[in-house]
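Its first residue numbered 88, the sequence shown is counted upward by one per residue in my numbering.
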Amino acid sequence: MAVRDRIKYTLRLRLFLFLIILVITILSGILIILFVSGNITAGLKKSEEFILNEHAKIVKNTDGLYDNLAAEAVSFSRTLSLRIESFMREEDLKISDFNDNPALLNELLSGQLHQIILYLQKSKSSGAFIILDATSNTRLPGSEYSKAGVYLTNMEPNIISSSSPTIYVLRGNADLAYKNFLPLHPQWRMEFNTADAPYFSLPMDKARENTSLSNLYYWSEAFTFPKTNDRIMICSVPLIDSEGNVFGVCGFDVSYMLFKLLNTPDTTMYKRIFCLLSPVEDNMLKVDHSLFSGGYSTRSFIDDRDLHFSAGKKSLFTYENNEHTFIGYHELLKLYPENSAFADNEWALALMVPQEDINSYVVKTNLKFIYLSSLIMVLGIIVSFVLSKFYIMPISRGIEIIKNNPKNIRKTNIAEIDELIEFLSDRPESETTDPNSIILNEFLNNIKTLTPAERSVFNLYAQQYTAKEIAESLYLSINTIKTHTKHLYSKLNITSKEELILYVEMLKESGKDISKVLNKQ
Numbered sequence: 088m089a090v091r092d093r094i095k096y097t098l099r100l101r102l103f104l105f106l107i108i109l110v111i112t113i114l115s116g117i118l119i120i121l122f123v124s125g126n127i128t129a130g131l132k133k134s135e136e137f138i139l140n141e142h143a144k145i146v147k148n149t150d151g152l153y154d155n156l157a158a159e160a161v162s163f164s165r166t167l168s169l170r171i172e173s174f175m176r177e178e179d180l181k182i183s184d185f186n187d188n189p190a191l192l193n194e195l196l197s198g199q200l201h202q203i204i205l206y207l208q209k210s211k212s213s214g215a216f217i218i219l220d221a222t223s224n225t226r227l228p229g230s231e232y233s234k235a236g237v238y239l240t241n242m243e244p245n246i247i248s249s250s251s252p253t254i255y256v257l258r259g260n261a262d263l264a265y266k267n268f269l270p271l272h273p274q275w276r277m278e279f280n281t282a283d284a285p286y287f288s289l290p291m292d293k294a295r296e297n298t299s300l301s302n303l304y305y306w307s308e309a310f311t312f313p314k315t316n317d318r319i320m321i322c323s324v325p326l327i328d329s330e331g332n333v334f335g336v337c338g339f340d341v342s343y344m345l346f347k348l349l350n351t352p353d354t355t356m357y358k359r360i361f362c363l364l365s366p367v368e369d370n371m372l373k374v375d376h377s378l379f380s381g382g383y384s385t386r387s388f389i390d391d392r393d394l395h396f397s398a399g400k401k402s403l404f405t406y407e408n409n410e411h412t413f414i415g416y417h418e419l420l421k422l423y424p425e426n427s428a429f430a431d432n433e434w435a436l437a438l439m440v441p442q443e444d445i446n447s448y449v450v451k452t453n454l455k456f457i458y459l460s461s462l463i464m465v466l467g468i469i470v471s472f473v474l475s476k477f478y479i480m481p482i483s484r485g486i487e488i489i490k491n492n493p494k495n496i497r498k499t500n501i502a503e504i505d506e507l508i509e510f511l512s513d514r515p516e517s518e519t520t521d522p523n524s525i526i527l528n529e530f531l532n533n534i535k536t537l538t539p540a541e542r543s544v545f546n547l548y549a550q551q552y553t554a555k556e557i558a559e560s561l562y563l564s565i566n567t568i569k570t571h572t573k574h575l576y577s578k579l580n581i582t583s584k585e586e587l588i589l590y591v592e593m594l595k596e597s598g599k600d601i602s603k604v605l606n607k608q
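Right, dumping it as structure tokens:
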């Protein structure tokens with residue numbers, strides 16, 4: 088390899104490596120800044136923002152719906168209470184007089200039907216009802232839990248904004264339904280079964296202690312209404328006359344379908360995201376008593392076991408049962424005023440995603456950073472390669488000028504190289520002695536400093552003898568030869584036998600007569 092090519096390669100390689108180090112340093116600095124600023128975990132941050140924003144939107148809808156239903160339920164109770172009290176006063180009746188009197192019950196309930204329909208439409212709920220503390224037949228088994236009333240349900244909650252919702256009679260006298268041209272629900276029953284109905288018993292019990300209706304409305308846990316397939320939450324308010332006598336309850340329901348239609352989360356980022364409106368007990372979401380909103384695949388994925396929640400990453404929570412882990416966010420909903428009889432009942436609206444879905448999204452997002460960083464590094468290496476080539480080009484051109492004709496001044500447009508060429512062109516001929524001749528002359532002068540014994544060893548080394556062969560030829564021990572060799576190398580300023588032979592060959596090629604030196608004993 089020519090001197091020019093060696094210099095070119097070395098300088099270019101060094102510059103190339105320097106630029107690569109520079110690229111890596113800059114890239115590392117960018118990555119550190121991104122890491123400190125939180126952008127490296129952009130997937131988790133974006134997930135958090137998405138969940139929080141979506142949760143805020145659903146909370147707003149839910150608060151509006153439930154606050155409106157509670158207010159309408161209280162108004163509904165006041166209206167029905169006044170009407171029923173007026174009816175009983177005119178007929179000189181009390182609530183117990185309605186037992187075993189189907190005709191009287193039917194007359195009373197028929198008079199309230201239009202109010203029930205009006206409030207069903209006004210409240211935009213999925214169902215409205217009235218339950219009286221009376222039954223048409225006390226002689227039947229379980230009659231103590233059978234209560235007369237009317238339950239109207241909207242079979243198509245997706246048209247709750249329409250002026251003509253599809254209304255069916257779920258509970259009530261069939262004759263009442265026929266006379267008012269209302270179809271019977273496929274799972275119709277005449278009376279309510281209140282054997283396990285806290286929405287009936289609890290408001291009535293509390294009403295005997297507190298007569299303020301605004302503090303007595305009650306939200307039931309989500310449950311499947313008896314003898315139906317409908318999962319609902321009920322807001323019930325006691326019916327109280329002006330003297331404080333409690334004679335039943337009325338209210339509205341929020342069906343599973345209505346809750347889902349109003350609160351379906353955005354699935355653009357996560358297909359299995361879902362929402363729960365759930366009672367809260369001891370850091371547990373009571374899934375079995377919750378309303379659910381999400382895709383079908385998610386509903387089949389989550390079971391009805393309680394979810395224990397704890398603080399997770401950032402502002403999110405971790406929700407766990409024995410089999411699954413979810414990441415999400417929840418807030419307690421204020422369904423009751425502070426002085427409510429049921430203020431201790433806590434409810435939360437939770438929005439969550441399976442943990443594996445979050446992890447998958449975070450990995451995909453961070454891979455984009457890795458791919459981008461790799462691309463930047465590759466581009467940096469390519470640019471470094473090109474820059475090193477163009478950087479070395481004028482240096483190579485200058486070396487070529489100096490080598491071929493230093494007297495011929497040609498500009499390279501690189502100030503330092505042009506000054507070097509000009510300096511060399513101005514030097515007298517005597518100052519341009521071949522550096523190789525200087526080195527060889529110095530080597531010859533160093534030979535003269537050798538002792539006779541060292542010259543003998545040098546002579547044999549020059550003839551390419553080995554140390555062992557020299558020892559045999561001179562009848563000396565190998566250690567003695569090694570000692571002479573060490574001194575010889577030191578005086579000649581060389582480090583190996585090969586370098587010694589190289590100098591000898593160069594002297595021969597240059598025409599220098601070294602025979603006298605080599606044969607001198």
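Don't be surprised by glycine CBs; every beta carbon is placed ideally from N, CA and C.
Query	Result
Beta carbon of P325 nearer than 7 Å to that of L303	yes
Enclosing alpha helix (DSSP H) for G198 [first to last residue]	P189 to S210
Segment contact flag, the segment 396 to 416 with the segment 294 to 313, C-beta cutoff 8 Å, min 3 pairs	no
Residue-chain proximity (K293, chain C), Cβ-Cβ < 7 Å	The chain inventory of the structure shown lacks chain C, comprising one protein chain alone.
Whether F103 touches S475 by CB criterion (7 Å)	yes
Strand pairing of L363, partner residues [DSSP]	F379 and A437
Cβ-based neighbour list, L561, same chain, cut-off 8 Å, excluding 5 preceding and 5 following	S543, V544, L547 and I568
R392 - DSSP class collapsed to helix/strand/coil	coil
Residue of T240, I468 and D179 minimising C-alpha distance to Y255	T240
N-terminal and C-terminal residue of the beta strand (DSSP E) that N241 is part of	G236 to N241
Through-space distance from L196 to K147, alpha-carbon basis	36 Å
Contact check, K358 vs S380, beta carbons under 7 Å	no
Alpha helix (DSSP H) runs wholly inside the segment 545 to 596, at least 4 long, in chain order	554 to 561, 565 to 579 and 584 to 596
Cα-Cα separation, L263 to K373	39 Å
Stretch pair the segment 183 to 199 + the segment 311 to 328: three plus CB contacts closer than 8 Å	no
For S325, the first and last residue of its enclosing beta strand (DSSP E)	As written in the sequence, residue 325 is Pro, which differs from the Ser given in the question. Counting along the chain, the beta strand (DSSP E) containing P325 begins and ends at R318 to I327.
Euclidean distance between Cα positions of S323 and L205	17 Å
Contacting residues, own chain, Cβ-Cβ under 8 Å from S230 (five flanking each side not counted)	T222 and N224
Alpha carbon of A430 to alpha carbon of G415, nearest angstrom	26 Å
Residue from T570, F163 and M593 with nearest C-alpha to F530	M593
8 Å contact criterion, which K234 and R276 should meet: CB distance rounded	That belief does not hold up - the Cβ atoms of K234 and R276 are roughly 11 Å apart, past 8 Å.
Which of helix, strand or coil DSSP assigns to D340	strand
Option nearest I389 by Cα separation, candidates C362, D369 and E368	C362
Limits of the unbroken alpha helix (DSSP H) element including P285	P285 to A294
Proximity to L257 [Cα-Cα], best of Y265, Q274 and N186	Q274
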